Every structure is written in structure tokens, then in C-alpha cells.
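*Asks:* Just passing along the structure, written as C-alpha cells.
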Amino acid sequence: MVQADENKKTAIIRLYGSLNDFIPHNLRQRSLICYFKGNPNIKDTIESVGVPHPEIQLILFNGEPVTFNKPMEQDARISVYPFFHNIDVSYVQLVNPKPYDELKFMLDVHLGKLAKYLRFAGFDCLLIPFLDDHGIVSEGTRDNRIILSRDIGLLKHKRVKYGYWLRSQMPEEQFKEVVQHFRIKEQDLNPCQRCTTCNGKIKSIEKYDIIEDLKPGTKKYFDEFFQCQNCGRIYWKGSHYKRMRQWLEKTMISVYGK
Ligand SMILES: [Zn+2]
5 MVQADENKKT
15 AIIRLYGSLN
25 DFIPHNLRQR
35 SLICYFKGNP
45 NIKDTIESVG
55 VPHPEIQLIL
65 FNGEPVTFNK
75 PMEQDARISV
85 YPFFHNIDVS
95 YVQLVNPKPY
105 DELKFMLDVH
115 LGKLAKYLRF
125 AGFDCLLIPF
135 LDDHGIVSEG
145 TRDNRIILSR
155 DIGLLKHKRV
165 KYGYWLRSQM
175 PEEQFKEVVQ
185 HFRIKEQDLN
195 PCQRCTTCNG
205 KIKSIEKYDI
215 IEDLKPGTKK
225 YFDEFFQCQN
235 CGRIYWKGSH
245 YKRMRQWLEK
255 TMISVYGK
């Protein structure tokens with residue numbers, strides 16, 4: 005319970021759609037009373053309720069679209085919206101008009117499995133082990149990467165422009181979330197283009213150039229090979245590749261249907 009304080013001002017905030025994931029169940033889909041002192045900006049106020057700014061696309065302040073710098077006012081009524089996927093909102097002033105230039109990711113250090121899935125699907129996906137929050141934000145923002153994390157606090161960092169909070173702890177579910185949130189379609193996928201271990205680009209290579217390094221079974225049954233330009237790892241379209249392709253196809257169907 006918040007104590008009455010004559011210096012405290014109040015406003016009403018309503019969160020829409022997936023932004024409700026950031027508040028407790030019993031407060032979802034309803035108007036929230038928010039207390040503040042002085043004239044903080046609207047971005048900090050919404051973040052104090054729980055929502056990290058990279059997940060917001062539109063804020064209405066007493067019915068008018070505003071930017072993140074809008075100072076708070078007593079009795080303001082604020083509506084906060086996530087990204088619109090199916091409605092054209094380009095005519096309104098958005099806080100995040102264009103979510104990203106290109107789908108390239110910076111992953112939090114605990115997301116190794118998700119990194120492998122995204123790289124398999126062809127996405128440029130950086131994950132640097134042992135990097136702290138500051139390092140992740142610096143590396144991610146340096147070349148406009150979308151930061152994926154399970155840490156809401158990391159996404160509230162003011163330098164983060166593009167980011168998404170992974171709701172699930174399960175890597176396969178997380179991959180599905182990324183497909184859904186960023187509207188990744190079949191034509192955006194490029195399997196067998198990235199090294200799942202180091203994110204380097206892989207290119208096709210002649211069999212006779214690497215024949216010495218192949219195990220007898222691989223040498224016998226496969227003729228098409230690829231090599232990572234960064235770490236040198238060799239790939240071929242064996243049973244693991246086939247299983248991953250089937251998994252990817254199944255995932256896309258589960259998101260978009262046949
Ligand atoms: Zn590699």
C-alpha cells in the first residue's frame with residue numbers, strides 16, 4: 005500500500021496486449037494508479053511500473069501520442085501499447101517507429117541454445133561468454149543489434165534501443181517467441197549460412213580439400229560440404245541437419261499454420 009503523501013502525484017496507466025506480461029496477474033488488463041514525485045519523464049514512469057522501453061511502440065498521453073521525453077503531469081491518463089503487427093500505425097507519432105533496420109541479434113550470456121537455433125535459421129546472432137550487462141549493452145548497441153534477454157533490468161538500460169524480453173525459459177519456446185514477435189517468415193530463413201558454434205559465415209567447400217579430416221562414414225555417404233570462414237568447422241547435411249530442418253519447419257507451422 006502506498007502511503008498518502010502530499011508531494012506525491014498520481015496518474016492512471018493502462019497497459020495493452022503483451023505489455024501486461026510485465027505486471028502481476030491480478031493487475032493485468034486494468035487501469036493502474038501510478039504515483040510519482042516532481043516531473044519525471046513518461047519513459048521512466050512506465051519503466052517503474054515494470055515495462056522496459058524497447059517493448060513499447062506507442063504511448064497516448066491524455067489521448068495524444070507523445071515521445072519518451074514527455075514530462076509527467078498530475079491526473080494524466082496514459083495508454084501504453086506494444087508493437088502493432090497487423091494494424092498500420094505509421095500515421096501516428098510512435099516512440100519506436102521502426103523497430104530495427106535488420107534482424108541481427110545480441111544475446112544475453114545464458115542463451116546459448118537459442119543462439120544455436122537462430123544461427124541455424126541463418127540469423128547473425130552474437131553471444132560473447134562472460135560478458136556483463138554493460139558489455140552486452142555496448143556490443144549490442146554498437147551495430148544496432150536487437151538485444152534478447154531474460155533480464156528485464158538489462159532491457160531498461162537507457163542505451164538499449166532495440167530489445168525483447170524472452171518470456172519462456174525453454175530455448176525452443178524462446179525461438180518461437182522471436183519468430184512471433186519479429187514476424188519472421190519462411191522467406192527470412194536461411195539455413196546453413198551461419199556457424200552454429202561461432203556465428204561465422206559458412207561457405208561451400210570442395211570435398212577433396214577436407215577429405216583427410218572426414219570420418220570414414222561421412223567420407224562415404226556425403227559429397228556436399230561447408231566450412232565456417234571463422235573457426236574452420238566443417239558441416240554436411242547429415243541426420244542432425246535433417247532433424248533441425250524438420251524442427252524449423254514444424255516451428256514455422258506452429259506459428260503461422262500450414
Ligand atoms: Zn565457426
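Just so you know, we're using the working numbering here: the sequence shown kicks off at 5 and counts up by one.
Heads up, the beta-carbon is just placed ideally off N, CA and C, and yes, glycines get one too.
Values in this document were obtained by computation on a predicted structure and should not be read as measured data.
Assign R198 to buried or exposed, taking buried as 16 or more other Cβ atoms, counted over all protein chains shown, within 10 Å of its Cβ.
*Replies:* It counts as buried.
*Asks:* Have a look at N90, G144, L31 and P44 and flag the residue whose alpha-carbon is nearest the alpha-carbon of R187.
*Replies:* N90
*Asks:* Within 10 angstroms of its Cβ, does L252 collect 16 or more other Cβ (buried), or is it exposed?
*Replies:* By the 10 Å Cβ count, L252 comes out buried.
*Asks:* Just checking R237 against ligand 1 - is the residue's beta carbon closer than 7 Å to any of the ligand's heavy atoms?
*Replies:* yes
*Asks:* Kindly indicate the opening and closing residues of the beta strand (DSSP E) around V84.
*Replies:* For V84, the enclosing beta strand (DSSP E) covers residues R81 to Y85.
*Asks:* Would N43 and M76 qualify as a contact pair, given that the criterion is a beta-carbon distance under 8 Å?
*Replies:* yes
*Asks:* Which stretch, first to last residue, makes up the beta strand (DSSP E) that contains K207?
*Replies:* The continuous beta strand (DSSP E) containing K207 extends over residues I206 to I209.
*Asks:* Which whole-angstrom value is the C-beta distance of L152 and L98, which I expect to be below 8 Å?
*Replies:* At roughly 22 Å, the Cβ-Cβ gap does not stay under 8 Å, so L152 and L98 are not in contact.
*Asks:* Excluding the 5 residues flanking Q33 on each side, which residues of the same chain have their C-beta closer than 7 Å to its C-beta?
*Replies:* Only N24 meet the Cβ criterion.
*Asks:* Following the continuous beta strand (DSSP E) through R146, name the residue where it begins and the one where it ends.
*Replies:* Not the beta strand (DSSP E): R146 falls in the alpha helix (DSSP H), residues D137 to R146.
*Asks:* Give the straight-line distance between the Cα atoms of A15 and N30, rounded to the nearest whole angstrom.
*Replies:* Straight-line Cα distance between these residues: approximately 19 Å.
*Asks:* Smallest Cα separation from K207: which of N73, R249, M248 and G126?
*Replies:* If we check each option's Cα against that of K207, G126 comes out closest.
*Asks:* Excluding the 5 residues preceding and the 5 following R247 in the sequence, name in chain order all residues of the same chain whose CB lies nearer than 7 Å to its CB.
*Replies:* none
*Asks:* If you draw a straight line from the alpha carbon of R237 to that of Q231, how long is it in whole angstroms?
*Replies:* Between R237 and Q231, the C-alpha separation is close to 6 Å.
*Asks:* I believe F65 touches N45 by the beta-carbon criterion, under 8 Å. Please report the beta-carbon distance rounded to the nearest angstrom.
*Replies:* Contact doesn't hold; Cβ gap of about 11 Å is too wide.
*Asks:* Measuring CB to CB, does F124 end up less than 8 Å from T200?
*Replies:* Yes, Cβ-Cβ distance for F124 and T200 is below 8 Å.
*Asks:* If distances are taken between C-alpha atoms only, which option among K262, E177 and C196 comes closest to I209?
*Replies:* C196
*Asks:* Determine the burial state of Q78: buried for a count of at least 16 other Cβ atoms within 10 Å of its Cβ, exposed for fewer.
*Replies:* Q78 should be labelled exposed.
*Asks:* What are the boundary residues of the alpha helix (DSSP H) that M174 is part of?
*Replies:* From DSSP, M174 is part of no alpha helix (DSSP H); its letter is neither H nor E.
*Asks:* Quick check: the Cα distance between V96 and I50, rounded to an integer number of angstroms?
*Replies:* 20 Å
*Asks:* Give a yes or no on whether the C-beta atoms belonging to V113 and L131 are separated by under 8 Å.
*Replies:* yes
*Asks:* Using the C-alpha atoms, what's the distance from K160 back to I17?
*Replies:* 18 Å
*Asks:* Can you say whether Y121 is buried or exposed, counting buried as having 16 or more other CB atoms within 10 angstroms of its CB?
*Replies:* With 16 or more Cβ atoms within 10 Å of its Cβ, Y121 is classed as buried.
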